[in-house]
Amino acid sequence: MGDAAEELDAVLSGRGWDLGGIYDGTPQPGDAVRLGSSACYVVLAVLFNDEDGVLLVQEAKAECRGTWYLPAGRMEPGESVVAALRREVKEETGLECEPLTLLALEERGPAWLRFVFLARPTGGTLKTLEDADAESLQAKWWGGPLDPLPLRAPDILPLLDLATRYRRSPPHPPTLPQELPCAHLCLRLLVAFTPCPPGHLWVLLNISGPPRLPVVACGTHPTQIRRGLRLPVLGFLGGCLPPDPQIGPMGLLGLQHRAGGPGGADGVCLNVLVSLQPRGAGEGPPPELCHPAFRWWRVEEEGLRGRILQRLREGGTVPIRS
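Structure representation (structure tokens):
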């Protein structure tokens with residue numbers, strides 16, 4: 000299982016791994032993803048200064064003019080995730096920045112993804128009312144409670160809480176996008192089974208060729224989009240496990256995207272950790288598989304097993320918020 004161990008190491012380390020263009024289960028991918036037509040990606044940044052003030056933007060758009068929000072905006076075709084983050088922060092606040100880690104992935108189905116970053120300022124001049132334009136009216140470092148401010152939306156409050164807790168005690172390693180090509184929206188799955196009492200660990204592998212982690216594509220039909228990223232995972236596992244598998248929360252280990260990918264595509268591969276919950280007493284081996292292309296691999300190398308178990312703990316991955 001040498002190839003699989005290398006892939007696991009790369010995914011757990013946030014380096015990513017080449018997709019190879021092979022997808023498991025259904026649906027199979029259709030046309031390549033295009034920003035502005037089949038998908039929308041949004042970047043959002045949380046920045047603090049040395050006095051623990053958070054960087055806020057006063058909106059200029061007619062529908063929310065005068066309200067306050069975190070720097071955010073849509074990615075443009077041919078733009079990398081990090082380039083989009085830097086551009087949006089610069090346009091809205093006047094500051095340059097460097098991303099530190101993904102804080103969360105927010106999704107409204109695979110056609111709309113928002114990448115939430117913790118970042119740090121690296122230069123520039125804070126935008127004032129004299130610099131107001133169509134991007135924003137001004138930006139400010141805000142150090143007090145947000146109650147006095149009219150917010151564009153309260154959805155930034157849990158993100159600020161998440162950023163504050165991460166700065167205090169990071170629950171997962173720094174996680175940044177990796178520039179690897181992807182034509183479609185897909186998920187590479189690290190499906191882990193740990194019985195109780197803990198100590199053993201199995202990982203699901205595709206063995207139809209060199210052993211590898213399964214990869215599933217996200218459908219773009221309206222019914223599939225409405226049910227979000229969990230739908231393709233449930234569909235895939237339902238095809239190779241006994242009925243009604245007990246699936247725990249999904250967590251993000253990393254994402255792969257390259258601007259202007261194959262044929263100019265804007266696809267994203269999300270490397271996702273999924274825990275399979277034991278039934279009953281929870282002891283013994285994982286459930287028997289009903290698909291010949293897959294098998295359980297018992298992870299016996301202590302270091303690799305420990306790293307996977309560490310990421311399975313609460314907060315060990317970047318949260319996926321639906």
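When we follow numbering that gives the first Met the number 0, the leftmost residue of the sequence shown carries the number 0, and every step to the right adds one. Built from N, CA and C at the ideal position, the CB exists for glycine as well. Being a predicted model, the structure only gives us computed values, none of them experimental.
Taking the C-alpha atoms as reference points, what is the distance between Pro322 and Lys126?
Beyond the ends of the chain as shown, which are 0 and 321, falls residue 322; an answer cannot be given.
Going by C-alpha to C-alpha distance, which of Gly247, Val56, Leu150, Ser79 sits closest to Glu90?
Val56
Identify, in the order they occur along the chain, each residue of the same chain with its Cβ nearer than 6 Å to the Cβ of Pro318, setting aside the five sequence neighbours on each side.
Ala103
Could you check whether the Cβ of Ala103 sits closer than 8 Å to any Cβ belonging to chain B?
The chain labelled as chain B is not found in the depicted structure, where only one protein chain is given.
Do you know offhand how far Gln309's Cα is from Arg64's?
44 Å
What separation, rounded to the nearest whole angstrom, lies between the Cα atoms of Ala264 and Thr100?
25 Å
Alpha carbon to alpha carbon, how far is Leu69 from Ala44? Give it in angstroms, no decimals.
7 Å
Answer yes or no: do Pro180 and Pro261 have a C-beta to C-beta separation smaller than 8 Å?
yes
Going by beta-carbon coordinates alone, are Leu18 and Cys268 separated by less than 8 Å?
yes
Continuous alpha helix (DSSP H) stretch holding Ile307: start and end:
301 to 311
Grouping DSSP H, G and I as helix and E and B as strand, with all else coil, what is Gly263?
helix
Cβ neighbour criterion (16 or more within 10 Å) applied to Asp243:
exposed
With distances taken between CB atoms, is the gap from Gly122 to Gly52 smaller than 8 Å?
no
Please state if the CB of Val215 and the CB of Tyr40 are separated by a distance shorter than 8 Å.
no
Could you please give me the residues that DSSP links to Ala191 through a beta bridge?
Val202, Ser274
According to DSSP, simplified to helix, strand and coil, what is Tyr22?
coil
How about Trp295 and Pro285: are their beta carbons less than 8 Å apart?
yes
Would you please state the rounded distance, in angstroms, between the beta carbons of Ala182 and Val32? I believe it to be under 8 Å.
7 Å
Which value, in whole angstroms, describes the spacing of the CA atoms of Leu212 and Leu158?
31 Å
Comparing alpha-carbon positions, which option in Val273, Pro241, Pro231, Asn270 lies nearest Gln330?
Residue 330 falls outside the range modelled here, since the chain spans only 0 to 321, and no answer is possible.
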